[in-house]
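With positions in the sequence shown counted from 1, the corresponding number in my numbering is that position plus 14.
All C-beta atoms, glycine included, are put in the ideal place defined by N, C-alpha and C.
Take a look at the structure set out below.
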Amino acid sequence: MTMPLAQIRVLDLAQVLAGPFGAAMLGDLGADVIKVEPLRGDESRHLGPGVGLDSAMFVGANRNKRGIALDLTHDEGKALLAKLVATADIVVDNMRPPAKQKLGIDFDSLRAIKPDIIAINVTAFGNSGPYAGHGGIDPLVQALGGLMAITGNPDEPPLKTGSPIVDATTAHLVVIAALAALRRRDQSGEGGLIEVNLLDALFNLQPTIMSQYFVANHEQQPRGCGSELMAPYGCFQAADGRYWQIPALNQKFWENLCQALDMTDWLSDERFARNSDRQLHEDELNQLVAARIAELDSQELEQRFRQYDVLAAPVNGIREATEDPQIIHNQMITETEHKQLGMIKTGTLPVRFAESIDYRAAPALGQHSDEVLQGLGLTAEEIANHRSANIVG
Numbered sequence: 015m016t017m018p019l020a021q022i023r024v025l026d027l028a029q030v031l032a033g034p035f036g037a038a039m040l041g042d043l044g045a046d047v048i049k050v051e052p053l054r055g056d057e058s059r060h061l062g063p064g065v066g067l068d069s070a071m072f073v074g075a076n077r078n079k080r081g082i083a084l085d086l087t088h089d090e091g092k093a094l095l096a097k098l099v100a101t102a103d104i105v106v107d108n109m110r111p112p113a114k115q116k117l118g119i120d121f122d123s124l125r126a127i128k129p130d131i132i133a134i135n136v137t138a139f140g141n142s143g144p145y146a147g148h149g150g151i152d153p154l155v156q157a158l159g160g161l162m163a164i165t166g167n168p169d170e171p172p173l174k175t176g177s178p179i180v181d182a183t184t185a186h187l188v189v190i191a192a193l194a195a196l197r198r199r200d201q202s203g204e205g206g207l208i209e210v211n212l213l214d215a216l217f218n219l220q221p222t223i224m225s226q227y228f229v230a231n232h233e234q235q236p237r238g239c240g241s242e243l244m245a246p247y248g249c250f251q252a253a254d255g256r257y258w259q260i261p262a263l264n265q266k267f268w269e270n271l272c273q274a275l276d277m278t279d280w281l282s283d284e285r286f287a288r289n290s291d292r293q294l295h296e297d298e299l300n301q302l303v304a305a306r307i308a309e310l311d312s313q314e315l316e317q318r319f320r321q322y323d324v325l326a327a328p329v330n331g332i333r334e335a336t337e338d339p340q341i342i343h344n345q346m347i348t349e350t351e352h353k354q355l356g357m358i359k360t361g362t363l364p365v366r367f368a369e370s371i372d373y374r375a376a377p378a379l380g381q382h383s384d385e386v387l388q389g390l391g392l393t394a395e396e397i398a399n400h401r402s403a404n405i406v407g
């Protein structure tokens with residue numbers, strides 16, 4: 015069996031995270047993704063820990079791609095890109111309109127080369143409206159879109175999420191846009207321009223939060239690890255220092271928690287009879303649960319929670335999460351060989367097909383330049399000349 019996007023070619027002209035990670039997932043699905051970078055590389059190659067120009071950030075967001083480095087400020091570089099566009103089905107970028115027009119990769123220019131091309135443009139706020147053209151990245155959108163205001167503890171300053179969740183969810187919208195556009199092209203023969211932006215992605219990520227405001231005029235407040243909907247619901251520290259997140263989703267799980275902690279007298283306490291009662295006495299209840307959890311170590315808690323079917327999970331660090339037996343069983347991590355770094359671990363697509371995915375590491379800068387250009391019909395001499403002229407990296 016072939017992968018769903020076999021025979022589809024994607025040009026990734028985006029940088030940093032949202033666009034590139036979306037293109038990487040298209041590569042996971044079988045597309046031939048060609049990462050086109052400037053000679054200095056994608057901006058993310060220069061961010062965070064790594065080795066040389068192979069930063070961990072770049073490696074994490076650019077699996078399953080071939081890489082070519084081109085100087086698109088040079089006419090011959092633009093001509094080479096045009097040759098690539100002529101062979102492509104999808105182009106992903108996150109450039110502003112003036113920059114794309116200058117480089118000749120705005121939608122009209124792309125369509126003139128390949129009439130049925132699908133162009134997916136990623137921006138911070140959109141290409142029209144009051145914020146059009148403004149620069150923006152994940153934490154700014156978290157601030158503007160309401161997420162920071164509900165993250166953190168009560169009476170403390172707002173917090174952003176530890177992971178760039180807005181970039182990640184926008185990357186998934188890139189995939190949705192690509193799949194929908196390919197389906198439409200199958201039906202009509204037409205490509206098109208599709209726009210996705212970080213602000214809309216975040217708004218879409220909060221359906222229940224927005225609905226609480228629209229329907230009940232209720233604005234959620236930061237609750238830390240707690241919840242406005244149920245009690246107990248929080249993060250409690252065990253005797254060995256490890257934290258556990260415990261949500262009593264309904265009466266059944268509240269009773270199971272009482273059994274697991276050998277605190278069945280809580281079940282006859284009128285303060286905790288129903289969820290509404292527990293919410294009224296949440297501070298007192300949390301103190302009691304915290305005191306009891308602090309008497310038990312994590313190994314015993316895990317045994318008790320499994321025995322009595324309690325909703326609970328230990329708070330893992332990233333190292334512990336990558337070593338979690340369920341993550342390993344689900345094959346969310348695989349090993350692959352990187353040209354510069356040797357064998358490395360990388361994440362995988364959280365969708366399982368009957369056929370296995372052959373994961374490839376992110377390309378080193380310009381790793382596949384010769385291969386890609388040869389596929390366009392250039393000779394070794396022509397490629398060498400472009401390299402000596404600093405058009406190809």
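CB-CB under 6 angstroms to Phe35, same chain, minus the five flanking residues each way: which ones, in chain order?
In the sequence shown, residue 35 corresponds to position 21, counting from 1. Ala75 and Ala185, listed in sequence order.
Inter-residue CB distance, Leu325 and Pro221 (contact presumed, cutoff 8 angstroms):
As a working note, residue 325 is residue 311 in the sequence shown. As a working note, residue 221 is residue 207 in the sequence shown. Actually they do not touch by this definition, with Cβ atoms about 22 angstroms apart.
Contact check, Gln156 vs Val188, beta carbons under 8 angstroms
One-based indexing of the sequence shown puts residue 156 at position 142. One-based indexing of the sequence shown puts residue 188 at position 174. Not in contact: Gln156 and Val188 (Cβ atoms no closer than 8 angstroms).
Could you check if Met357 is buried or exposed, using at least 16 other CB atoms within 10 Å of its CB as the buried criterion?
For this step, residue 357 is matched to residue 343 along the sequence shown. Exposed: under 16 other Cβ atoms inside 10 Å.
Quick check on the burial criterion: 16 or more other C-beta atoms within 10 angstroms. Buried or exposed for Leu299?
Walking along the sequence shown from the start, residue 299 turns up at place 285. By the 10 Å Cβ count, Leu299 comes out buried.
Are Leu124 and Leu387 closer than 8 angstroms when you measure CB to CB?
Stepping through the sequence shown from its first residue, residue 124 is reached at position 110. Stepping through the sequence shown from its first residue, residue 387 is reached at position 373. No. Outside cutoff.
Alpha carbon to alpha carbon, how far is His88 from Gly389?
For the purposes of this step, residue 88 is identified with residue 74 of the sequence shown, where counting begins at 1. For the purposes of this step, residue 389 is identified with residue 375 of the sequence shown, where counting begins at 1. Going by the C-alpha atoms only, they are around 21 angstroms apart.
CA nearest to the CA of Leu271, picked from Pro178, Leu31 and Tyr322:
Locating residue 271 in the sequence shown gives position 257, counting from the first residue. When each option's Cα is compared against that of Leu271, the closest is Tyr322.
Report yes or no: do the segment 301-314 and the segment 252-259 share at least 3 C-beta pairs separated by less than 8 angstroms?
yes
For Pro52 and Asp46, what's the separation of their Cα atoms in angstroms?
Reading the sequence shown from its first residue, position 38 is the one you call residue 52. Reading the sequence shown from its first residue, position 32 is the one you call residue 46. Spanning the two alpha carbons is a distance of roughly 19 angstroms.
Please go through the segment 105-185 and give each complete beta strand (DSSP E) segment of 3 or more residues, from N-terminal end onward.
132-137
Lys359 lies in the alpha helix (DSSP H); which residues open and close that run?
Residue numbering aside, residue 359 sits at position 345 when the sequence shown is read from its first letter. Looking at the DSSP string, Lys359 is not in any alpha helix (DSSP H); the run it does join, the beta strand (DSSP E), is Gly356 to Gly361.
If distances are taken between C-alpha atoms only, which option among Pro328, Leu243, Leu31 and Pro168 comes closest to Ala70?
As a first step, residue 70 is located in the sequence shown; it is residue number 56 there, counting from the start. It is Leu31.
Around the Cβ of Leu27, are there at least 16 other Cβ atoms within 10 angstroms (buried) or fewer (exposed)?
Here residue 27 is taken as the residue at index 13 of the sequence shown, counted from 1. Buried, because 16 or more other Cβ atoms sit within 10 Å of the Cβ of Leu27.
Spatially closest choice to Ala20 from Ala38, Gly44, Gln29 and Ala37, by CA coordinates
The sequence position of residue 20 within the sequence shown is 6, counting from 1. Measuring from the Cα of Ala20, the nearest candidate turns out to be Gly44.
Going by DSSP, what residue range makes up the alpha helix (DSSP H) through Gly389?
Residue 389 sits at position 375 when you count from the first residue of the sequence shown. Element bounds for Gly389: Ser383 to Gly389.
What first and last residue would you give for the alpha helix (DSSP H) that runs through Thr317?
Within the sequence shown, numbered from 1, the residue matching residue 317 stands at position 303. The residue you asked about is not Thr; residue 317 is Gln in the sequence shown. Segment Ser312 to Gln321, the alpha helix (DSSP H) holding Gln317.
Could you name the residues of the same chain whose beta carbon sits closer than 7 angstroms to that of Gly147, not counting the 5 residues immediately before and after it, in chain order?
Taking the first residue of the sequence shown as position 1, residue 147 is located at position 133. These residues qualify, in order along the chain: Arg110.
Under a three-way DSSP split, which group does Cys239 fall into?
Taking the sequence shown and counting its residues from 1, the one referred to as residue 239 is at position 225. The answer is coil: DSSP assigns Cys239 none of H, G, I, E or B.
Can you tell me which of the three DSSP states Lys49 falls into?
By one-based count along the sequence shown, residue 49 stands at place 35. Three-state DSSP puts Lys49 in a strand.
Is the CB-CB distance between Val105 and Leu216 below 8 angstroms?
Locating residue 105 in the sequence shown gives position 91, where the first residue counts as 1. Locating residue 216 in the sequence shown gives position 202, where the first residue counts as 1. In this structure, Leu216 does not lie closer than 8 angstroms to Val105 by Cβ.
What are the boundary residues of the beta strand (DSSP E) that includes His400?
Within the sequence shown, residue 400 is the residue found at index 386, counting from 1. From DSSP, His400 is part of no beta strand (DSSP E) but of the alpha helix (DSSP H) over Ala394 to Ser402.
When the Cα atoms are used, what is the spatial distance from Glu369 to Leu196?
Numbered from its first residue, the sequence shown carries residue 369 at position 355. Numbered from its first residue, the sequence shown carries residue 196 at position 182. If I take the Cα positions, the gap works out to 22 angstroms.
On the DSSP bridge list, what partners appear for Phe250?
Translated into positions along the sequence shown, residue 250 becomes position 236. Answer is Trp258.
Contacts around Ala378, its chain only, beta-carbon distance under 8 angstroms, and the 5 residues preceding and following it disregarded
Position 364 of the sequence shown holds residue 378. If we look at Ala378 and ignore the five residues flanking it on each side, its Cβ neighbours are Leu67, Asp68, Gly81, His352, Lys353 and Gln354.
Going by the beta-carbon positions, is the gap between Phe72 and Arg54 smaller than 8 angstroms?
For this step, residue 72 is matched to residue 58 along the sequence shown. For this step, residue 54 is matched to residue 40 along the sequence shown. Not closer than 8 angstroms, so no.
Unbroken stretches of the beta strand (DSSP E), 3 residues or longer, contained in the segment 257-306:
257-261
Classification of Thr137 by the beta-carbon crowding that lies within 10 angstroms, buried from 16 upward:
By 1-based counting over the sequence shown, the position of residue 137 is 123. With 16 or more Cβ atoms within 10 Å of its Cβ, Thr137 is classed as buried.
Residue span of the beta strand (DSSP E) that contains Arg23, given as start and end:
Numbered from its first residue, the sequence shown carries residue 23 at position 9. Element bounds for Arg23: Arg23 to Asp26.
Could you tell me the boundaries of the beta strand (DSSP E) in which Leu84 lies?
In the sequence shown, residue 84 corresponds to position 70, counting from 1. From DSSP, Leu84 is part of no beta strand (DSSP E); its letter is neither H nor E.
If you draw a straight line from the alpha carbon of Thr362 to that of Ala398, how long is it in whole angstroms?
By 1-based counting over the sequence shown, the position of residue 362 is 348. By 1-based counting over the sequence shown, the position of residue 398 is 384. Answer to the nearest angstrom: the Cα atoms are 36 angstroms apart.
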